Each structure stands twice: as structure tokens, then as C-alpha cells.
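One structure is given below, encoded as C-alpha cells.
Residue numbers (the working numbering): 501 to 679.
Encoded structure:
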């Protein structure tokens with residue numbers, strides 16, 4: 501009798517654990533999905549030039565997809581455009597959308613900010629653009645030469661309108677040889 505009672509209690513315990521496990525997992529997944537996404541994201545590009553006084557960065561970035569390939573050739577030097585990046589969470593890789601800037605519309609999309617068009621190289625699929633950078637970023641990249649790469653951090657959506665780039669650093673940190 502004691503043995504049968506112990507077996508029944510063991511099965512009851514296992515049944516409760518088995519039924520409780522999906523509830524715990526579902527609750528945990530729901531909590532994870534409700535966490536806000538990163539407020540900023542990083543992207544990289546090739547340094548073309550840096551105007552230290554005006555704090556304007558000119559950079560080349562990769563372009564992917566059909567939409568920018570058809571739209572970018574229509575722009576002229578100095579045109580204000582909005583670029584959207586192909587990215588996930590806090591990392592972006594290449595520009596996948598470009599449209600003429602419209603000051604009456606606010607950018608609601610993530611991975612999007614306004615820039616000044618400089619050039620489009622359709623053969624190599626690179627867009628060259630200008631954007632303002634913070635003063636503290638100038639010091640971080642002023643020693644770089646054209647052709648070296650930078651990594652920039654940009655805010656998502658609305659905040660990008662007034663400050664499209666919140667920081668810039670060399671793509672590769674300097675290394676010191678300790679030998």
C-alpha cells in the first residue's frame with residue numbers, strides 16, 4: 501500500500517511538472533518578445549573625407565536590392581535623400597532603400613535616416629553620402645585616411661531626423677605591439 505501511494509505521488513508530481521513547464525516557457529518567451537529593441541544600430545562604410553570644422557562625414561556604403569539601384573541614379577549632388585539600411589536589431593549591413601527627402605514626413609521606419617547625396621557607383625554598388633557627426637567623434641576618426649573604414653552608430657526612426665549619426669569610430673581599433 502505504501503509503495504502504491506509513493507508511485508501515485510510520483511506520477512502526480514511528474515504530471516504537474518509536465519503541465520507547468522509549457523506555461524513557464526511561454527511566459528518567458530512572451531517576456532523576451534516584449535523587451536524593446538535596441539534604440540541604436542551600427543553600420544560601416546568607407547571613409548571618403550572628414551570636414552573637421554563643419555563636422556561632416558563623407559562615406560561610401562554598400563547598396564543592395566532593386567529599389568535603390570533604380571532610384572539612386574536619379575539624384576544629383578547635394579540632394580537630400582533618406583536611406584534605409586538592411587539590418588536586424590542593432591546591426592545594419594547595406595543600404596536597401598533610398599527616396600527623396602520630404603520634410604513634411606517624419607521617418608517612422610527603423611534603420612532610416614536623412615543624408616546628403618554625393619554620388620552613386622552603380623558598377624560597384626556603392627552610395628557616397630554626407631552626414632553630420634558629433635564633435636567627440638571627430639577626434640576618434642581624424643587620423644584616418646580616405647579608404648579606411650569607419651563604424652557609425654545611428655538612432656532608430658524619429659531621433660535620426662535631427663541627429664542621424666550619434667557616434668563614429670574606426671572600423672578596426674588600433675593595435676599596439678607589446679613585443
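Glycine is no exception: its CB is placed at the ideal position from the N, C-alpha and C atoms. This structure is a prediction, so every number in the text was calculated from the model and none was measured.
- Does the Cβ of residue 588 have 16 or more other Cβ atoms within 10 Å, making it buried, or fewer, making it exposed? That one is exposed.
| field | residue 612 beta carbon less than 7 Å from that of residue 540 | value | The answer is no: Cβ separation not under 7 Å.
- Does the beta-carbon of residue 577 have 16 or more other beta-carbons within 10 angstroms, so that it is buried, or is it exposed? Result: exposed.
How far does the beta strand (DSSP E) with residue 667 in it reach, from first residue to last? For residue 667, the enclosing beta strand (DSSP E) covers residues 667 to 670.
Rounded to the nearest angstrom, how far is the Cβ of residue 546 from that of residue 647, given a contact under 8 Å? Residue 546 to residue 647, Cβ: 6 Å. Contact.
Are residue 560 and residue 651 close, meaning C-beta to C-beta below 7 Å?
Not a contact, by the Cβ cut-off of 7 Å.
Worksheet item: So which of 564, 616, 595 has the shortest CA-CA distance to residue 610?
Response: Residue 610 has its Cα closest to that of 595, out of 564, 616, 595.
Look at the Cβ atom of residue 667, then the Cβ atom of residue 643, and state whether they are nearer than 7 Å. Result no, Cβ atoms of residue 667 and residue 643 do not sit closer than 7 Å.
Original post:
Expressed to the nearest angstrom, what Euclidean distance is found between the alpha-carbon atoms of residue 592 and residue 635?
Top reply: Answer to the nearest angstrom: the Cα atoms are 23 Å apart.
Based on DSSP bridge pairs, tell me the residues matched to residue 545.
Answer is 650, bridged to residue 545.
Using C-beta distances below 8 Å, list every residue in its chain close to residue 663, excluding the 5 sequence neighbours before and after it, in chain order. Answer for residue 663: 632, 634, 655, listed in chain order.
Exercise for review: Return the CA-CA distance between residue 641 and residue 602, expressed in angstroms with no decimal places.
Suggested key: Going from the Cα of residue 641 to the Cα of residue 602 covers about 31 Å.
Have a look at residue 597 and residue 639 and give me their C-alpha separation to the nearest angstrom.
Whole-angstrom Cα-Cα distance: 31 Å.
- Message: By the three-class DSSP mapping on this structure, what secondary structure does residue 645 have?
- Response: Secondary structure at residue 645: coil, using DSSP grouped into helix, strand and coil.
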